[in-house]
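Heads up, the thing below is written out as structure tokens.
Residue numbers (the numbering used here), protein chains in the order written: chain A, 1 to 87; chain B, 1 to 87.
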């Protein structure tokens with residue numbers, strides 16, 4: 001399955017959530033990752049996030065598709081560089 | 001067509017880009033909007049963004065679908081409130 005993950009978390013958890021996301025998905029731009037995962041990998045990703053996030057304050061959304069053929073992606077402007085210096 | 005818009009723009013253009021996005025789409029969480037648009041509306045949205053963004057520094061991605069039936073959406077944690085106080 002293909003996953004787009006977007007997160008809106010408080011600043012002290014941004015690095016942790018990003019690090020978990022990058023174990024499973026490809027960084028796209030600030031707060032957005034995407035990639036192909038098995039169902040088992042997706043469950044592990046959610047479980048890791050579940051242990052790290054603050055459920056009262058953070059929000060994480062997963063859009064899931066059977067394949068990446070179901071959407072078209074258009075980018076305007078620059079392609080952002082992954083902020084590896086923060087990890 | 002159904003649109004998910006994610007943006008990663010420099011701080012002095014965040015409010016402007018958000019304001020344009022909200023004319024056409026529903027705010028979901030920080031830097032993410034989504035909604036159903038006609039092709040003509042989508043073209044107008046891109047045209048407005050095109051005039052406002054800095055193409056060297058900002059990045060805006062549109063994921064487009066024929067209908068919202070093509071994806072499943074899972075939210076973990078809280079539902080964020082729209083930052084209307086900033087507009």
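Where a beta carbon is used, it is the ideal one built from N, C-alpha and C, also for glycine.
Nonlocal neighbours in the same chain, by C-beta distance under 6 Å from residue 58/A, ignoring five residues either side: 9
Helix, strand or coil: how does DSSP classify residue 42/A here? helix
Near-chain A residues of the stretch 20 to 34 of chain B (beta-carbon distance less than 8 Å), N- to C-terminal order: 28, 29, 30, 31 and 32
Own chain residues within Cβ distance below 8 Å of residue 25/A, not counting five before or after: 3, 5, 33, 34, 35, 37 and 45
Compare the C-beta of residue 61/A against all C-beta atoms of chain B and say whether one is closer than 7 Å. yes
Endpoints, the alpha helix (DSSP H) within which residue 6/B is located: Not the alpha helix (DSSP H): residue 6/B falls in the beta strand (DSSP E), residues 2 to 8.
Candidates 23/B, 82/B, 56/B and 77/B, of which the one nearest residue 48/B by Cα: 23/B
List the DSSP bridge partners of residue 76/B. 60/A
Cβ of residue 64/A within 7 Å of any chain B Cβ: Yes, because at least one Cβ of chain B sits closer than 7 Å to the Cβ of residue 64/A.
Residue 51/A: beta carbon under 6 Å from a heavy atom of the ligand SAH? Within the structure as shown, the ligand SAH is missing, as the structure has no ligands at all.
Spatially closest choice to residue 76/A from 43/B, 29/B and 30/B, by CA coordinates: 43/B
For residue 81/B, return the contacting residues in chain A, with the cut-off set at a CB-CB distance below 7 Å. By Cβ distance, chain A contributes nothing, its closest Cβ being about 10 Å from residue 81/B, past 7 Å.
Looking at the structure shown, is residue 18/B part of a helix, part of a strand, or coil, going by DSSP? Judged by DSSP in its simplified three-state form, residue 18/B adopts helix.
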